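Q:
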Amino acid sequence: MISGCSGANWISPPGPAAPGLRIGLLGGSFNPAHEGHFQISTVALKRLGLDYVWWLVAPQNPLKPRQGMAPLRDRLAGAQAMTRRHPRFRATDIEARLGTRYSVDTIARLQQRFPRLRFVWLMGSDNLETFHRWRNWPKLARSLPIAVVTRPASALAPLKAKAAQRFASKRRVASRDFANAAPPAFVFLDAKRSLARASNIRARRAMAAAFPS
Numbered sequence: 001m002i003s004g005c006s007g008a009n010w011i012s013p014p015g016p017a018a019p020g021l022r023i024g025l026l027g028g029s030f031n032p033a034h035e036g037h038f039q040i041s042t043v044a045l046k047r048l049g050l051d052y053v054w055w056l057v058a059p060q061n062p063l064k065p066r067q068g069m070a071p072l073r074d075r076l077a078g079a080q081a082m083t084r085r086h087p088r089f090r091a092t093d094i095e096a097r098l099g100t101r102y103s104v105d106t107i108a109r110l111q112q113r114f115p116r117l118r119f120v121w122l123m124g125s126d127n128l129e130t131f132h133r134w135r136n137w138p139k140l141a142r143s144l145p146i147a148v149v150t151r152p153a154s155a156l157a158p159l160k161a162k163a164a165q166r167f168a169s170k171r172r173v174a175s176r177d178f179a180n181a182a183p184p185a186f187v188f189l190d191a192k193r194s195l196a197r198a199s200n201i202r203a204r205r206a207m208a209a210a211f212p213s
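Quick note on my numbering: the sequence shown kicks off at 1 and runs consecutively.
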């Protein structure tokens, strides 16, 4: 991890960073990027009036095994190929350049580097189920507004997840002003759900490689 604070000032943004812009942050391994990521980003962009969504392609998710994890450069390239389909999506390896490993630290560094941007953390409801296992998750929840988009097989997470229960009184209605909400603030967005999952895509690729046609 980069020591001190000055290093963050040299990190360039992956897209426009004019003061007041509302930026959704979607973190993950993107191993590989898929339609579920695109769907979460699209729903949040439209329902919350975001200006851009940054996909933060993590060097290594602390909760996932290294085995089977594609190199960062390959995952970033796949994410960038998918974000090119939307003019307001950007995929970036900014976490690797910041030297952060945990989302809570990444957010702190981004807020330090870009204090005049309005960040919103984006996640699928499947990630909300395990949110309480993230490093310093209560601190993360108190750092910026969080938007949760419903994903298949986890529709009850907004009711049952530990984080959802702890911050039940902090739920907000979706609006274009959500990025300005004082954290902790949660909004739950339901929409047509993509069935895409990275694990299924990897399994299909492995099967195709083992049994080529």
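Think of the CB as a built atom: it goes at the ideal place given N, C-alpha and C, for glycine as much as any other residue. No experiment lies behind these values; they were computed from the predicted model shown.
ALA147 to GLN111, Cα distance in whole Å?
A: Straight-line Cα distance between these residues: approximately 17 Å.
Q: Can you give the Cα-Cα distance for ARG88 and LEU26, rounded to whole angstroms?
A: When rounded, the distance between both Cα atoms is 13 Å.
Q: Tell me whether SER143 is buried or exposed, calling it buried when 16 or more other Cβ atoms sit within 10 Å of its Cβ.
A: By the 10 Å Cβ count, SER143 comes out buried.
Q: Counting pairs of beta carbons, one from the region 90 to 101 and one from the region 71 to 81, are three or more of them closer than 8 Å?
A: Touching, yes.
Q: Following the continuous beta strand (DSSP E) through ARG84, name the residue where it begins and the one where it ends.
A: That residue, ARG84, is in no beta strand (DSSP E); it is neither H nor E in DSSP.
Q: Candidates SER154, VAL43, LEU48: which alpha carbon is nearest THR130's?
A: With distances taken between Cα atoms, THR130 lies closest to SER154.
Q: Quick check on this structure: which residue in GLY49, TRP55, GLY99, VAL57 has the alpha carbon closest to the alpha carbon of ILE11?
A: Comparing Cα-Cα distances from ILE11 to each of GLY49, TRP55, GLY99, VAL57, the minimum goes to GLY99.
Q: Could you tell me which whole beta strand (DSSP E) segments of length 3 or greater appear in the region 22 to 57?
A: Listed in chain order, they are 22 to 28, 52 to 57.
Q: Based on the DSSP output, what are the partners of MET123 in its beta bridges?
A: Answer is VAL148, bridged to MET123.
Q: Of the choices ASP126, PRO138, ARG73, whose alpha-carbon is the least far from that of VAL104?
A: Ranking the options by Cα distance to VAL104, first place goes to PRO138.
Q: Would you call the CB atoms of ALA17 and PHE114 closer than 8 Å?
A: Contact: yes.
Q: Mark SER169 as exposed unless 16 or more other C-beta atoms lie within 10 angstroms of its C-beta, in which case mark it buried.
A: Exposed is the call here.
Q: THR106 by DSSP, collapsed to three states: which one?
A: Correct three-state label for THR106: helix.
Q: Could you name the residues of the same chain whose beta carbon sits closer than 7 Å to that of ARG166, not counting the 5 residues immediately before and after it, in chain order?
A: Closer than 7 Å at the Cβ level, and outside the excluded window around ARG166, lies no residue.
Q: Closer than 8 Å by C-beta to ARG85: which residues in its own chain qualify, once you throw out the five before and the five after it? Chain order, please.
A: PHE38, listed in sequence order.
Q: For VAL187, which residues in the same chain have their Cβ closer than 6 Å to its Cβ, ignoring the five residues on either side in sequence?
A: Closer than 6 Å at the Cβ level, and outside the excluded window around VAL187, lie ALA147, ARG172, ALA174, PHE178.
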